[in-house]
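Those sequence lines, one after another, are chains A and F. Each residue of the first sequence is one higher than the one before, counting from 43 in my numbering. Each residue of the second sequence is one higher than the one before, counting from 43 in my numbering. First up is the structure itself, then whatever we jot down about it.
2 protein chains.
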Amino acid sequence: MIEILRSTKQFDIFRKNLDKKTIGFVPTLGNLHRGHISLVKESLRNNDITIVSIFVNPKQFGPNEDYEKYPRTLGDDTNKLKELYRSEDLIGTDKQIAIFAPESIDEIYPDNFSVNISLPELSNKLCGLNRPGHFDGVSTVVYSLFSIVRPNKAYFGQKDFQQYLIIKKMIEDMRLDVQIVPMPIKREVDGLAFSSRNQYLSKEERADALILTRTLGEIKNVVKNTIWSEAKPAIDQIINESLKDTRWDYLTYLDSKNLENPVEKTYMLGLFGAFKLGDTRLIDNKLVEIKYA
Amino acid sequence: MIEILRSTKQFDIFRKNLDKKTIGFVPTLGNLHRGHISLVKESLRNNDITIVSIFVNPKQFGPNEDYEKYPRTLGDDTNKLKELYRSEDLIGTDKQIAIFAPESIDEIYPDNFSVNISLPELSNKLCGLNRPGHFDGVSTVVYSLFSIVRPNKAYFGQKDFQQYLIIKKMIEDMRLDVQIVPMPIKREVDGLAFSSRNQYLSKEERADALILTRTLGEIKNVVKNTIWSEAKPAIDQIINESLKDTRWDYLTYLDSKNLENPVEKTYMLGLFGAFKLGDTRLIDNKLVEIKYA
Chain A
43 MIEILRSTKQ FDIFRKNLDK KTIGFVPTLG NLHRGHISLV KESLRNNDIT
93 IVSIFVNPKQ FGPNEDYEKY PRTLGDDTNK LKELYRSEDL IGTDKQIAIF
143 APESIDEIYP DNFSVNISLP ELSNKLCGLN RPGHFDGVST VVYSLFSIVR
193 PNKAYFGQKD FQQYLIIKKM IEDMRLDVQI VPMPIKREVD GLAFSSRNQY
243 LSKEERADAL ILTRTLGEIK NVVKNTIWSE AKPAIDQIIN ESLKDTRWDY
293 LTYLDSKNLE NPVEKTYMLG LFGAFKLGDT RLIDNKLVEI KYA
Chain F
43 MIEILRSTKQ FDIFRKNLDK KTIGFVPTLG NLHRGHISLV KESLRNNDIT
93 IVSIFVNPKQ FGPNEDYEKY PRTLGDDTNK LKELYRSEDL IGTDKQIAIF
143 APESIDEIYP DNFSVNISLP ELSNKLCGLN RPGHFDGVST VVYSLFSIVR
193 PNKAYFGQKD FQQYLIIKKM IEDMRLDVQI VPMPIKREVD GLAFSSRNQY
243 LSKEERADAL ILTRTLGEIK NVVKNTIWSE AKPAIDQIIN ESLKDTRWDY
293 LTYLDSKNLE NPVEKTYMLG LFGAFKLGDT RLIDNKLVEI KYA
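Right, here's the structure in full:
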């Protein structure tokens, strides 16, 4: 059974009746692709109720970003979730999907909503440098959605790895009673990570977009197969060479635990890239274990 | 019965055993005076358990403020609460006071605590102008304490009126399950509002401190007894005259509901002053109903 709830009031009533059912939550901006669907699938497997929020959150878009043109496709999204529900053979079971798709911004930010939640140390790097205020918008809306949805588990894709770390730390610092579940990146056959922004790309840009994924893959291979003392200078060289292409916003590596520069005991390295194709900016990342001996 | 809890772990264990008891919360920086005591008294009256936190929160002090010298008097504070418990005739009853006095800063801000909670619209005025970051520190610590204490009611003195409004709005925006209870300002016989900072004053400064309270009282009388169209120019003149004394940080009036400039339908005016005496800065305020006809 799939329900669509268009206001917070409506949602609150729905929520009140869930008693002791376990609740999985997949917050999205809508325009669902296979990445999102993999989160919903995982939530369905592990919870009685799966709530998918669809809300294009103005606070996480900068003044010159694509808030206005961001694709709003509630009808299609609903159909995709219905199709998933059917294909997972859930019809007739107690498992339930609810779509929380607030009809207006006021549903999430009522009455001169004034709170801003930020995690400056984790935000002021990578995407945060090029998108000031973006992660404040993300943490604030995710907190707000958590406060409405009150899920047991929340599913986040690792494509937005920095976002995942920020929400994880927010949950910890704020002692929120939510378990965050990171899910692996979903990719097209040629390796490009699924993103709602891929559809902005021209044919040529779509071809060039592979530079992002391929470069990260190349770096990953070096780290994976080489002892770190040798890998580090090698990947520094790849990065320096790559950055001559000015379409890179950033291409770098950090400790995947805290986004700090890797230190001697760093176990898992995160490789992070952002690449501009015309007006479209895509991000991707890969994790790789460092080899010390 | 009075218990003292010195770590969050200890507190969590204590909290787990409270079942369905009602919990009143009085967050303080310690150095309790009659203002604080009036909050504790009110909480005792209305709740099974009253939790008084004593924590000098570094985040709410600016780099040139009195964090280091702020009086830490846990022994005296405990005695005052014991005395109150006795004088309120609570010995042998089920009513309980617990003092949550974290032994170190890490108890409240563990593991590179990174979250900052701000309410910029309410914070960037009055005390916020002269104390950048102060209210972020306040809302962040109060949120953190709420997340640990999980009270039903929280008591705040109206001397820090801006702080009260910020916490009230934070509770609302964040959908926190806490009822905020504002309590009237407690004053010395001569009218000076109780403050832990009063003890910093020299004899002469202590005498001059009355300028703060008296000026606010004078303005209040005008507003109370005069129709607003006439009161406004009269109080503007008092304020302009007063501000020639450069010891004022600010002296102004705002809508007490939202700290905006009063508009036609403003019901309750807030009169706000901050006054410097040597290194000490004192604040005070009064509320007064506007007379329109």
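For each residue, glycine too, the CB sits at the ideal point set by N, CA and C. Since this is a predicted model, take the numbers as computed values, not measurements.
Listed by chain order, chain F residues near residue i by CB distance under 7 Å
| i | result |
| --- | --- |
| residue 222 (chain A) | Those do not exist, as residue 222 (chain A) stays about 15 Å from chain F at its closest Cβ, beyond 7 Å. |
| residue 155 (chain A) | 215 |
| residue 237 (chain A) | Going along chain F, no residue has its Cβ under 7 Å from residue 237 (chain A), so there is no contact; the nearest lies around 27 Å. |
| residue 49 (chain A) | Here the premise fails: no neighbours, minimum Cβ distance about 15 Å. |
Contact list for residue i against chain A, beta-carbon separation under 8 Å
| i | result |
| --- | --- |
| residue 326 (chain F) | Within chain A, no residue comes near residue 326 (chain F); the closest Cβ sits about 25 Å away, beyond 8 Å. |
Beta-carbon spacing of residue i, residue j below 9 Å
| i | j | result |
| --- | --- | --- |
| residue 70 (chain A) | residue 94 (chain A) | yes |
| residue 316 (chain A) | residue 293 (chain A) | yes |
| residue 220 (chain F) | residue 99 (chain F) | no |
| residue 96 (chain A) | residue 131 (chain A) | no |
| residue 324 (chain F) | residue 240 (chain F) | yes |
| residue 162 (chain F) | residue 49 (chain F) | no |
| residue 156 (chain A) | residue 164 (chain F) | yes |
| residue 73 (chain F) | residue 238 (chain F) | yes |
| residue 217 (chain F) | residue 146 (chain A) | no |
| residue 186 (chain A) | residue 208 (chain A) | no |
| residue 153 (chain F) | residue 214 (chain A) | yes |
| residue 310 (chain F) | residue 283 (chain F) | no |
| residue 127 (chain F) | residue 86 (chain F) | yes |
Residue i, buried or exposed, once every other Cβ within 10 Å from all chains shown has been counted against 16
| i | result |
| --- | --- |
| residue 135 (chain A) | exposed |
| residue 312 (chain A) | buried |
| residue 149 (chain A) | buried |
| residue 334 (chain F) | exposed |
| residue 231 (chain F) | exposed |
| residue 179 (chain F) | buried |
| residue 276 (chain F) | exposed |
| residue 249 (chain F) | exposed |
| residue 106 (chain A) | exposed |
Proximal residues to residue i (C-beta, below 8 Å), its chain only, five neighbours per side dropped
| i | result |
| --- | --- |
| residue 45 (chain A) | 56, 138, 139, 140, 141 |
| residue 247 (chain A) | 319, 320, 322 |
| residue 109 (chain F) | 98, 100, 103 |
| residue 206 (chain A) | 198, 199, 200, 222, 224 |
| residue 280 (chain F) | 257, 260, 261, 264 |
| residue 54 (chain F) | 190 |
| residue 287 (chain F) | 253 |
| residue 212 (chain F) | 159, 161, 181, 184, 185, 218 |
Beta-carbon proximity list for residue i, same chain, < 6 Å, skipping 5 on both sides
| i | result |
| --- | --- |
| residue 170 (chain A) | 177 |
| residue 228 (chain F) | 76, 77, 80, 236 |
| residue 67 (chain F) | 93, 191, 193, 196 |
| residue 90 (chain A) | 63, 64 |
| residue 173 (chain A) | 104 |
| residue 269 (chain F) | 333 |
| residue 210 (chain F) | 222 |
Contact set for residue i: own chain, Cβ-Cβ below 7 Å, skip 5 residues either direction
| i | result |
| --- | --- |
| residue 318 (chain F) | 289, 291 |
| residue 243 (chain A) | 251, 319, 322 |
| residue 254 (chain A) | 315, 317, 324, 326 |
| residue 123 (chain A) | 44, 82, 94, 139, 141 |
| residue 302 (chain F) | 296 |
| residue 58 (chain A) | none |
| residue 32 (chain F) | Because chain F here runs from 43 to 335, residue 32 (chain F) falls outside it and cannot be looked at. |
| residue 308 (chain F) | 297, 332 |
Residues that residue i contacts on chain F, provided the C-beta gap is smaller than 8 Å
| i | result |
| --- | --- |
| residue 298 (chain A) | Those within 8 Å of residue 298 (chain A) in chain F number zero; the least Cβ separation is about 16 Å. |
Proximal residues of chain F, C-beta to C-beta of residue i below 9 Å
| i | result |
| --- | --- |
| residue 212 (chain A) | 156, 157 |
| residue 129 (chain A) | Ordered by position in chain F, no residue passes the 9 Å Cβ test against residue 129 (chain A), which lies about 35 Å from the chain. |
Residue i: contacting residues in chain A (beta-carbon distance under 9 Å)
| i | result |
| --- | --- |
| residue 190 (chain F) | 217 |
- prompt: For the stretch 162-179 of chain A, which residues have a beta carbon sitting closer than 8 Å to at least one beta carbon of chain F?
  reply: Under the 8 Å Cβ criterion, the stretch 162-179 of chain A contributes 162, 163, 164.
Residues, ordered as in the chain, of the stretch 240-274 of chain A that lie near chain D by beta-carbon distance below 8 Å: This model lacks chain D altogether, as its protein chains are A and F.
field: Near-chain A residues of the stretch 67-96 of chain F (beta-carbon distance less than 7 Å), N- to C-terminal order
entry: none
task: Check each residue of the stretch 132-155 of chain A: if its Cβ is closer than 9 Å to any Cβ of chain F, include it; give the result in chain order.
output: 151, 152, 153, 154, 155
- prompt: Got a sec: which bits of the stretch 281-306 of chain A sit with their beta carbon under 7 Å from any beta carbon on chain F, in order along the chain?
  reply: none
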